[in-house]
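Keeping their order, the protein sequence lines are chains A and P. Number 723 in our numbering belongs to position 375 of the first sequence; there are no gaps in the numbering. Number 245 in our numbering belongs to position 242 of the second sequence; there are no gaps in the numbering. Contents: one structure, followed by commentary.
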Amino acid sequence: MAMSGLDIYKLTPKTNCKECGFPTCMAFAMKVAAGGVEISKCSHMSDDAMAKLSESTAPLMKVVTFGKGETECKLGGEIVLFRHEKTFVNRNRFAVLLSDAMSQEQIDAKIANMKNVDYVRIGEEMRVEIAALQYVGNKDAYLSLVNKVKASGLKVAYMLVCPDISVLKEALELVKDELPIVFGADSNNYQEMVALVKDLKLPLGLKAPSLAELYDLVENVQKLDYKELLLDIGSASAREAFTNAVQIRRTALKEQDRTFGYPSVVFVNELAKGDKFMEVALASLFTMKYGSLIVMDDMDYARALPLFGLRQNIYTDPQKPMRVEPEFYPINNPGDNSPVLITVDFALTYFVVSGEVERSKVPAWLGIPDAGGYSVLTAWAAGKFSGSVIAKFIKESGIESKTKCRKLIIPGKVAVLKGDIQDSLPDWEVIIGPDEAMHLPKFLRTMEGIN
Amino acid sequence: MAFKTSVQKYSGSIYNLELGTGENTLALGGQNVFPFYSFDGDTGSGVKIGLEILDIYPENWADGLKSIYGSAAENTVEWAKYTEEKFAPDFICLRFEGADPNGLNKSVEECATLAKKVANAVKLPLVIAGTQNYEKDLKLFEKVAEELEGKNILLLSAVEDNYKTVAAAGVTAYKHKVAAESSVDINLAKQLNILINQLEVKNENIIMNVGTAPVGYGFEYVASTIDRIRLAALGQNDKTLQMPIITPVSFDTWNVKESASTEEDSPEWGCQEERGIAMEVSTAASVIAVGSDAVVLRHPRSAETIRAFMDNLK
Numbered sequence: 349m350a351m352s353g354l355d356i357y358k359l360t361p362k363t364n365c366k367e368c369g370f371p372t373c374m375a376f377a378m379k380v381a382a383g384g385v386e387i388s389k390c391s392h393m394s395d396d397a398m399a400k401l402s403e404s405t406a407p408l409m410k411v412v413t414f415g416k417g418e419t420e421c422k423l424g425g426e427i428v429l430f431r432h433e434k435t436f437v438n439r440n441r442f443a444v445l446l447s448d449a450m451s452q453e454q455i456d457a458k459i460a461n462m463k464n465v466d467y468v469r470i471g472e473e474m475r476v477e478i479a480a481l482q483y484v485g486n487k488d489a490y491l492s493l494v495n496k497v498k499a500s501g502l503k504v505a506y507m508l509v510c511p512d513i514s515v516l517k518e519a520l521e522l523v524k525d526e527l528p529i530v531f532g533a534d535s536n537n538y539q540e541m542v543a544l545v546k547d548l549k550l551p552l553g554l555k556a557p558s559l560a561e562l563y564d565l566v567e568n569v570q571k572l573d574y575k576e577l578l579l580d581i582g583s584a585s586a587r588e589a590f591t592n593a594v595q596i597r598r599t600a601l602k603e604q605d606r607t608f609g610y611p612s613v614v615f616v617n618e619l620a621k622g623d624k625f626m627e628v629a630l631a632s633l634f635t636m637k638y639g640s641l642i643v644m645d646d647m648d649y650a651r652a653l654p655l656f657g658l659r660q661n662i663y664t665d666p667q668k669p670m671r672v673e674p675e676f677y678p679i680n681n682p683g684d685n686s687p688v689l690i691t692v693d694f695a696l697t698y699f700v701v702s703g704e705v706e707r708s709k710v711p712a713w714l715g716i717p718d719a720g721g722y723s724v725l726t727a728w729a730a731g732k733f734s735g736s737v738i739a740k741f742i743k744e745s746g747i748e749s750k751t752k753c754r755k756l757i758i759p760g761k762v763a764v765l766k767g768d769i770q771d772s773l774p775d776w777e778v779i780i781g782p783d784e785a786m787h788l789p790k791f792l793r794t795m796e797g798i799n
Numbered sequence: 004m005a006f007k008t009s010v011q012k013y014s015g016s017i018y019n020l021e022l023g024t025g026e027n028t029l030a031l032g033g034q035n036v037f038p039f040y041s042f043d044g045d046t047g048s049g050v051k052i053g054l055e056i057l058d059i060y061p062e063n064w065a066d067g068l069k070s071i072y073g074s075a076a077e078n079t080v081e082w083a084k085y086t087e088e089k090f091a092p093d094f095i096c097l098r099f100e101g102a103d104p105n106g107l108n109k110s111v112e113e114c115a116t117l118a119k120k121v122a123n124a125v126k127l128p129l130v131i132a133g134t135q136n137y138e139k140d141l142k143l144f145e146k147v148a149e150e151l152e153g154k155n156i157l158l159l160s161a162v163e164d165n166y167k168t169v170a171a172a173g174v175t176a177y178k179h180k181v182a183a184e185s186s187v188d189i190n191l192a193k194q195l196n197i198l199i200n201q202l203e204v205k206n207e208n209i210i211m212n213v214g215t216a217p218v219g220y221g222f223e224y225v226a227s228t229i230d231r232i233r234l235a236a237l238g239q240n241d242k243t244l245q246m247p248i249i250t251p252v253s254f255d256t257w258n259v260k261e262s263a264s265t266e267e268d269s270p271e272w273g274c275q276e277e278r279g280i281a282m283e284v285s286t287a288a289s290v291i292a293v294g295s296d297a298v299v300l301r302h303p304r305s306a307e308t309i310r311a312f313m314d315n316l317k
């Protein structure tokens, strides 16, 4: 069971030595209880107290790391079942499955899509993070597949899906420096599997025919003192997989049973049976609820655009609004005669406004000053979106050299700022835009004299 | 130690509500658990899927969609019949885009006549969607409700500015159902439900439309709002939040650039129709995953996918 801040305080030396970085032992204890700091930050605990505490203050769900350098990913470490209770922590990751049963053309096409889908959205890199390499029976083809992906220049971590220990050993030799995931140990081979991954501390995927058997398998693996684990939620049916995903997460976080305190793996490619849109639907479901590593059949833009957007939304910290970088964004290829619009850096506002400007087909510059990440009226009320903020942004952003047009359109909701801005920017014509973004296309087209 | 299934029992449940009449009557709600959590209890009537049609030719719809409906889309009544026969959704959502004062501004009498013709031509329950101009919708819903008396349709939606007329005319006078629309905020949703209750309209006649967003466009607010509504409805037995939820997914997903950008404008993104379906399917699956009881979709392929998705999870 979790310990309260007071329980933990009783075990501290109560000397307020401040070495842990907190002013008092009490403050430190409270933070430990909230999961904000590791108990090991205090170097004056007795061994007894330490053992007692590390057991009960360890996170309920383990963080599992794989990959190396720019391919490194973390999964797990979740603390709540609903994101509004605090936040979801480590976003789910997507893998694309390649196997030795596929033709070279199929493999090449999937690799080409993985290379093609690589973009940045609100400061986050959007791409397939993992290549899941499945051994189906042809050892030579499998090893050459591993080599092929390695030589492809893809920025991916590896997941070796290979139940055959001897083949796995050879494949592992090829990519062990990249710290791959090894999948999947079952009740028959887990001892050999653990022996194979233990030294490198590679994450090991476990699979079993039922949740009860999976639970027993985890206990057996833990007895070998191995805890870098991922749990397969099964591919018999979507219903069973979803039930297992919920039960695993709930057992860890609500029942506080660390046996299931590991990230999950879901083979959506198998559940969707080759139906692309079903794959999108199921991958969305498991992004919403408790899928950590989602294996796909392929990742083209039709799949990526909704799935990466959804993931970015769901893994946003509810306490911190999503913000876009303050700068000038060109929309519809603006030139040196295009007008300038201004709005705030709250990501939702930016998306709605930029979408409507795009829809108008009028080339324009959309300026986003640093407005604290709030909506227009909130930012204005907080003084973060004032006449001086906007004027300063116009002067310092270099927009005056990008366009000769001196029309500056401000949101209708802050019409009151017009005078202020006009005083600071006498060369500009400050125009009050519509109250709602949806009226922008008509407004811009009328202003530019287009029908 | 052996694994033990973790079961969460809730004291509250979602109201049962019926739309339409006769053999095609549609049941919504009835569950006392989160979506697909059959290990906890009763999952209720399940999710219902509607297809969107318009009162005018869908000039602005994607070409792929226009070619699916072909000439049927030129006549709304034919369009409704074609949709019912060919795609068999659970309900049809007739949206009066042509009544928009900023567009064709068709009269409410004309709209109501059309609604009646559609209602007489199909057996499926109807959901009538307005223009999102609350003054026009107030008159539109009042007139349509009168013409379709006895058909037990859903008026999508009453908002804070017009709920008095829409709920009173729709439910009290003509015995239809009303959707209470709020903008992605649990407190606003609750407040509007209470205000409608004060008109002597019972919870069994109200569906919530708590607002939506396409995935990638602030969908986290939609997800957390519905999560919180359901935790209050089920966990705290809050009667003012125990109505089923309908989400007009298609109204938003087809407008964002992922769906609207042509292959010419974004060649690297590939087939526009596939992107549109994927955005619609992903948003629908996600909103169903948090608890929406009904979704309005536009592409028949999306409806087919979501139907199969529901079957897979049954």
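Where a beta carbon is used, it is the ideal one built from N, C-alpha and C, also for glycine. Because the structure is a prediction, the values reported are computed rather than measured.
To which residues of the same chain is residue 185/P closer than 7 Å at the C-beta, ignoring the five residues directly before and after it? Here residue 185/P corresponds to residue number 182 of the second sequence, with the count starting at 1. The residues are 191, 192, 195, 213 and 214.
Shortest alpha-carbon distance to residue 648/A belongs to which of 774/A, 460/A and 366/A? Locating residue 648/A in the first sequence gives position 300, counting from the first residue. Check the Cα spacing between residue 648/A and each of 774/A, 460/A and 366/A: the tightest is with 460/A.
With residue 586/A and residue 630/A assumed to form a contact (beta carbons below 8 Å), what rounded beta-carbon distance in angstroms separates them? Here residue 586/A refers to the residue found at position 238 of the first sequence. Here residue 630/A refers to the residue found at position 282 of the first sequence. Confirmed, about 6 Å.
Closer than 9 Å, CB to CB, is residue 254/P near chain A or not? Residue 254/P sits at position 251 when you count from the first residue of the second sequence. No, no contact with chain A.
Output needed for residue 294/P: all residues of its chain with C-beta closer than 7 Å, excluding positions within five of it in sequence on either side, in chain order. The residue you call residue 294/P lines up with position 291 of the second sequence. Sequence-distant partners of residue 294/P (beyond 5 residues in either direction) whose C-beta falls short of 7 Å from its own C-beta, in its chain, are 37, 38, 229, 233 and 248.
Taking 6 Å as the limit between beta carbons, can you name the residues of its chain near residue 368/A, skipping five residues before and five after? Counting from one through the first sequence, the residue named residue 368/A turns up at place 20. Scanning its chain for C-beta atoms nearer than 6 Å, with the 5 sequence neighbours on each side dropped, one finds around residue 368/A the residues 376, 389 and 390, in chain order.
Contacts that residue 250/P makes with chain A (C-beta to C-beta distance below 9 Å): Against the second sequence, residue 250/P aligns to sequence position 247. Residue 250/P does not reach chain A, its nearest Cβ partner there being about 14 Å away, counting only Cβ pairs nearer than 9 Å.
With 9 Å set as the bound, which would you pick, yes or no: does the beta-carbon of residue 64/P sit closer than that to a beta-carbon of chain A? In the second sequence, counting from the first residue as 1, residue 64/P sits at position 61. Taking 9 Å as the threshold, the shortest C-beta distance from residue 64/P to chain A does not fall below it.
Tell me which residue opens and which closes the alpha helix (DSSP H) that residue 744/A is part of. Your numbering for residue 744/A matches position 396 in the first sequence. Residue 744/A -> alpha helix (DSSP H) spans 735-744.
Counting pairs of Cβ atoms below 8 Å between the stretch 431-443 of chain A and the stretch 467-485 of chain A, do you hit three or more? With contact defined as three or more Cβ pairs closer than 8 Å, the stretch 431-443 of chain A and the stretch 467-485 of chain A are in contact.
For the beta strand (DSSP E) that residue 713/A lies in, which residues bound it at each end? For the purposes of this step, residue 713/A is identified with residue 365 of the first sequence, where counting begins at 1. Unbroken beta strand (DSSP E) run through residue 713/A: 712-716.
Between the Cα of residue 509/A and the Cα atoms of 495/A, 501/A and 490/A, which residue gives the shortest distance? Looking up residue 509/A in the first sequence gives position 161. Of 495/A, 501/A and 490/A, the residue nearest in Cα terms is 490/A.
Which residues in chain P sit within 7 Å of residue 628/A, going by Cβ to Cβ distance? The count along the first sequence starts at 1 and reaches residue 628/A at position 280. Against chain P, the beta carbon of residue 628/A has neighbours under 7 Å at 281, 284 and 285, listed in chain order.
In chain A, which residues lie less than 7 Å from residue 40/P when you measure between Cβ atoms? In the second sequence, residue 40/P corresponds to position 37, counting from 1. What residue 40/P touches in chain A: 594.
Spatial neighbours of residue 422/A within its chain, please: CB distance less than 6 Å, with the 5 preceding and 5 following residues excluded, ordered by chain position. Indexing the first sequence from 1 puts residue 422/A at position 74. For residue 422/A, where only same-chain residues beyond five positions count, the Cβ hits under 6 Å are 411, 413 and 438.
Of all the alpha helix (DSSP H) runs that stay within the bounds of the stretch 450-522 of chain A, which reach a length of 4 or more residues? Runs found: 452-464 and 487-499.
Proximity to residue 318/P [Cα-Cα], best of 317/P, 299/P and 313/P: Since the displayed chain P opens at 4 and closes at 317, residue 318/P lies outside it and no answer follows.
Residue of 785/A, 759/A and 753/A minimising C-alpha distance to residue 796/A: Counting from one through the first sequence, the residue named residue 796/A turns up at place 448. Of all alpha-carbon atoms in 785/A, 759/A and 753/A, the one lying nearest the alpha-carbon of residue 796/A is that of 753/A.
Can you give the Cα-Cα distance for residue 349/A and residue 397/A, rounded to whole angstroms? Your numbering for residue 349/A matches position 1 in the first sequence. Your numbering for residue 397/A matches position 49 in the first sequence. Residue placement at residue 349/A is flagged as unreliable, the pLDDT there being 47, under the threshold of 50; a coordinate-derived value is accordingly withheld.
Suppose you measure from the CA of residue 636/A to the CA of residue 743/A; what does that come to, to the nearest Å? Here residue 636/A refers to the residue found at position 288 when the first sequence is read from its first residue. Here residue 743/A refers to the residue found at position 395 when the first sequence is read from its first residue. Taking the straight line joining both Cα atoms gives about 43 Å.
Rounded to a whole number of angstroms, what is the C-alpha to C-alpha distance between residue 235/P and residue 244/P? Along the second sequence, read from residue 1 onward, the residue named residue 235/P stands at position 232. Along the second sequence, read from residue 1 onward, the residue named residue 244/P stands at position 241. So the two alpha carbons sit approximately 7 Å from each other.
Identity of the residue in 151/P, 160/P, 120/P and 128/P nearest residue 134/P by Cα: Counted from its first residue, the second sequence places residue 134/P at position 131. Nearest C-alpha to residue 134/P: 160/P.
Residue 433/A versus residue 798/A - alpha carbon distance: Taking the first residue of the first sequence as position 1, residue 433/A is located at position 85. Taking the first residue of the first sequence as position 1, residue 798/A is located at position 450. Taking C-alpha positions only, residue 433/A is separated from residue 798/A by approximately 49 Å.
For a contact meaning CB atoms closer than 7 Å, what does residue 230/P contact in chain A? Numbered from 1 along the second sequence, position 227 holds the residue referred to as residue 230/P. Close to residue 230/P, with beta-carbon spacing below 7 Å, are these residues of chain A in chain order: 430 and 432.
Who are the near neighbours of residue 562/A in its chain, counting only those whose CB is closer than 7 Å to its CB and skipping five residues on each side? Here residue 562/A corresponds to residue number 214 of the first sequence, with the count starting at 1. Here the set comprises 554, 556 and 579.
Residue 42/P, DSSP secondary structure in three states: Here residue 42/P refers to the residue found at position 39 when the second sequence is read from its first residue. The answer is coil: DSSP assigns residue 42/P none of H, G, I, E or B.
With a threshold of 16 other CB atoms inside 10 Å of the CB of residue 640/A, please say whether the residue is buried or exposed. On the first sequence, position 292 is the one that residue 640/A refers to. Per the 10 Å Cβ criterion, buried.
Taking a contact to mean a Cβ-Cβ separation below 9 Å, would you say residue 125/P touches residue 168/P in this structure? Position 122 of the second sequence holds residue 125/P. Position 165 of the second sequence holds residue 168/P. It is not a contact, given that the beta carbons lie outside the stated cut-off.
Assuming residue 162/P and residue 170/P form a contact by the criterion Cβ under 8 Å, report the distance between their Cβ atoms to the nearest whole angstrom. Within the second sequence, residue 162/P is the residue found at index 159, counting from 1. Within the second sequence, residue 170/P is the residue found at index 167, counting from 1. Contact between residue 162/P and residue 170/P is ruled out by a C-beta separation of about 11 Å, above the 8 Å threshold.
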